[in-house]
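Going by this note's numbering, the sequence shown opens with residue 908, and the numbers climb by one from there. Every residue gets a Cβ at the ideal spot worked out from N, C-alpha and C, and that includes glycine. Owing to the predicted nature of the structure, the values given are computational and were not obtained by experimental measurement. Notes for the one structure printed next.
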Amino acid sequence: MRLSLFWRTFWLIALLIGASLAAWLQLFKAAEREPRAERFAWEIASVVNLTRAGLLSAQGEQRAAFLADLAREERIRVLPAEPHDRIEPFGDRQNAALLQTKLREQLGPSTQLAGRVNGSEGLWIGFEIEGDPYWMLLDVQRLRRQAGRTWLGWLGIAVGLALAGALVISRVINRPLSRLADSIDRVSRGESPGALPQAGPTELAAINRRFNRLATDLHALDRDRAEALAGISHDIRTPLARLRLELEMTPIDDATRASMVDEIERIDAIVRQFVEFARPNELQMGQPVDVPAVLDSVLQGFLQTAEVDSLHIESTVEPGITWRGSPTTLARILTNLIENARRYGRGANGSVQVKISIERRPKGIRLIVRDRGPGVAPEQLDRLTRPFTRADSERNRHGGSGLGLAIVDRLARRHAGEVSLSLPVDGGLQIDVTLNDAPAGT
């Protein structure tokens, strides 16, 4: 699974922070071990010295009462040491050796530290009173309280703050690139993105400045092309209309007149496709579109043509299906797809069989248009959606500009969709078009 730049930056920063905190923790534990052992040794030495002084000053029943009070109030027991006592070391040998060294510095060289004596577990301190050996049993919680785990809480807070900082840093780094990617995507759909901010780091400011200039140039080029083609359309179609009128008034035979009218209409259709391909993106988007109604309207237009007897269209549409976009865009896509099938999908018997299906997807709709024509060579499939491209075998047999599928592909990309072409095993050509819903209110 590929990670986005945001999460990749976050995990790299988090890994760096984690490694730094782990190294800092080891240094902290190493540096803090001896001061902690010294503090605990001082506390134990104070308890031992106070206990020793109390026992030396007490006599008889007072000494027994003193030992009982220590056991009851302080949970400290003092027992005589015997030569046959079974002694086991206390906990971590390294820390125990350091603590025992500190205790001997304060209580004398005969001081011992044990974790278990005669099977009883605890914190055992061996010391002497007037030359006689004794064991003092302390609650092991004393050591744990002294060692403490407060630093774990602070470590958790530090890790949390560090990860929050990593999220903020990743967001700050990723936001300009995400905005740039979104603007590039809008340009690819034929839209005009807003200007990117040119403040911030030098490299990002330079990229945004160049992109703004590129987007402005592309928008100006697109506008100039639309204006130029609109002018060309007017300059060409006006004489064509006059020629059509003069043909109707010229005394020539019907066959010649029909042939010349057909040529004029073919030129007019080519010019119309040029203008349609160069048409800028519609401003009216994001409205609910009744898909079956738009399809019926398009089909009615084809059923009124002269070739209605040879054109057979079968449609399958989910009832009540809607799409959020522009009805004009959907009509243009369907018209070009059916016109492509009508022009190039004629079967051996001279008829055109077209099957249309439209279904709803989670984020939009899917259109499938299939014909039963001769199809194309597999290596030519990728070329058919390019402007001014037609299959070589059809170039001289049919009129057209080679813009029909290019217009469909361009409109699909404007809606974050795509066009794919395939060759069914039983012949013909199948065109799949996916259209995502436009954001509401755009």
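Report the option in the options whose CA atom is closest to the CA atom of residue i.
i: Val868; options: Val1196, Ala926, Glu1221, Trp918; result: With the chain running from 908 to 1349 in the structure shown, residue 868 is simply not present.
i: Pro1100; options: Ala1073, Leu1125, Ser1077, Ala1112; result: Leu1125
i: Ala1255; options: Phe1209, Ile1240, Ser1217; result: Ser1217
i: Asp1278; options: Leu1237, Gly1311, Arg946, Glu1221; result: Glu1221
i: Ile1269; options: Arg1086, Asp1344, Gly1022; result: One point to set straight first is that residue 1269 is Pro, not Ile, in the sequence displayed. Answer by Cα proximity: Asp1344.
i: Gly1026; options: Ile994, Leu1330, Leu1010, Gln1007; result: Ile994
i: Glu1037; options: Ser1090, Ala1004, Asp1092, Leu962; result: Leu962
i: Asn1081; options: Thr916, Gln1287, Val1259; result: Thr916
i: Arg1116; options: Ile1265, Thr1123, Gln1105, Gly967; result: Gln1105
i: Gln1019; options: Pro1158, Ala965, Val1066, Val955; result: Val955
i: Asn1243; options: Arg1231, Gly1232, Ile1263, Trp1230; result: Ile1263
i: Glu950; options: Leu1010, Pro990, Asn1002; result: Leu1010
i: Pro1195; options: Leu1210, Arg1231, Phe1209; result: Arg1231
i: Pro1146; options: Pro1158, Asp1131, Ile1174, Asn1247; result: Ile1174
i: Ala1003; options: Leu1111, Ala926, Arg1250, Glu945; result: Glu945
i: Trp931; options: Phe913, Gln966, Ala1065; result: Ala1065
i: His1322; options: Ser1095, Arg1250, Arg1164, Leu1121; result: Ser1095
i: Leu1288; options: Arg1250, Ser1329, Ile1265, Leu1068; result: Ser1329
i: Glu1028; options: Trp1042, Ser1017, Pro1016; result: Trp1042
i: Glu1325; options: Ala988, Val1315, Pro996; result: Val1315
i: Pro1040; options: Pro1016, Pro996, Pro987; result: Pro987
i: Ile983; options: Ile1171, Leu957, Ala1088; result: Leu957
i: Ile1114; options: Asp1129, Arg1093, Leu1087; result: Leu1087
i: Leu1356; options: Glu1225, Ile1265, Ile1228, Pro1226; result: Outside the modelled stretch of the chain, which goes from 908 to 1349, sits residue 1356, for which no answer is possible.
i: Ala1069; options: Leu928, Val1178, Leu1342, Leu1312; result: Leu928
In the DSSP assignment, what are the bridge partners of residue i?
i: Met1043; result: Val985, Ile1032
i: Asn1343; result: Gly1271
i: Pro1195; result: Arg1231
i: Asp1169; result: Answer by DSSP bridge pairing: none, since Asp1169 is not bridged.
i: Val1276; result: Ile1263, Ile1338
i: Ile994; result: Val1024
i: Arg1253; result: Val1259
The beta strand (DSSP E) that contains residue i, what's its start and end?
i: Gln1260; result: 1259–1268
i: Ala1021; result: 1019–1024
i: Thr1223; result: 1218–1224
i: Leu1291; result: Per DSSP, Leu1291 belongs to no beta strand (DSSP E) and is neither H nor E.
i: Glu980; result: Premise fails: Glu980 is in no beta strand (DSSP E) and is neither H nor E.
i: Leu1328; result: 1325–1329
Buried or exposed: residue i, going by 16 or more other Cβ atoms within 10 Å of its Cβ?
i: Ala1127; result: exposed
i: Thr1292; result: buried
i: His1305; result: For His1305, the predicted model reports a pLDDT of 49, less than 50, meaning its position is unreliable; a value from the coordinates is still stated below. His1305 comes out exposed.
i: Pro1376; result: Residue 1376 lies beyond the range of the chain shown here (908 to 1349); nothing can be said about it.
i: Val1079; result: exposed
i: Pro1083; result: buried
i: Ser1166; result: exposed
i: Val985; result: buried
i: Ser1090; result: buried
i: Gln1007; result: buried
i: Gln1191; result: With a pLDDT of only 48 at Gln1191, under 50, the local geometry of the prediction cannot be trusted, and no value is derived from it.
i: Ala1071; result: exposed
i: Asn1303; result: Caution applies to Asn1303, whose pLDDT of 40 falls short of 50 and renders its modelled position unreliable; the model cannot decide the point.
i: Arg1249; result: buried
i: Trp914; result: exposed
i: Asp1169; result: exposed
i: Thr1349; result: Unreliable positioning characterises Thr1349 in this predicted model, as indicated by a pLDDT of 48, which lies under 50. A coordinate reading is not provided.
i: Ile856; result: Any question about residue 856 goes unanswered here, given that the chain covers just 908 to 1349.
i: Gly1055; result: Reliability fails at Gly1055, whose pLDDT of 49 lies under 50, so the model's placement of it is uncertain and no value is given.
i: Ser1233; result: buried
i: Arg1317; result: buried
i: Val1332; result: exposed
i: Leu1044; result: buried
i: Gly1208; result: exposed
i: Thr1123; result: exposed
i: Ala975; result: exposed
Under the assumption that residue i contacts residue j (Cβ atoms under 8 Å), give the Cβ distance between them as a whole number of angstroms.
i: Gly1257; j: Gly1280; result: The Cβ separation is near 11 Å, so there is no contact.
i: Val1261; j: Ile1245; result: 6 Å
i: Ser1077; j: Ile924; result: That belief does not hold up - the Cβ atoms of Ser1077 and Ile924 are roughly 12 Å apart, past 8 Å.
i: Ala1102; j: Asn1119; result: 5 Å
i: Val1276; j: Ile1338; result: 5 Å
i: Phe1034; j: Leu1014; result: 6 Å
i: Phe973; j: Ala960; result: Not a contact, Cβ separation roughly 11 Å.
i: Ala1021; j: Pro996; result: 7 Å
i: Thr1229; j: Val1198; result: 6 Å
What are the boundary residues of the alpha helix (DSSP H) that residue i is part of?
i: Leu1312; result: 1311–1321
i: Glu968; result: 968–976
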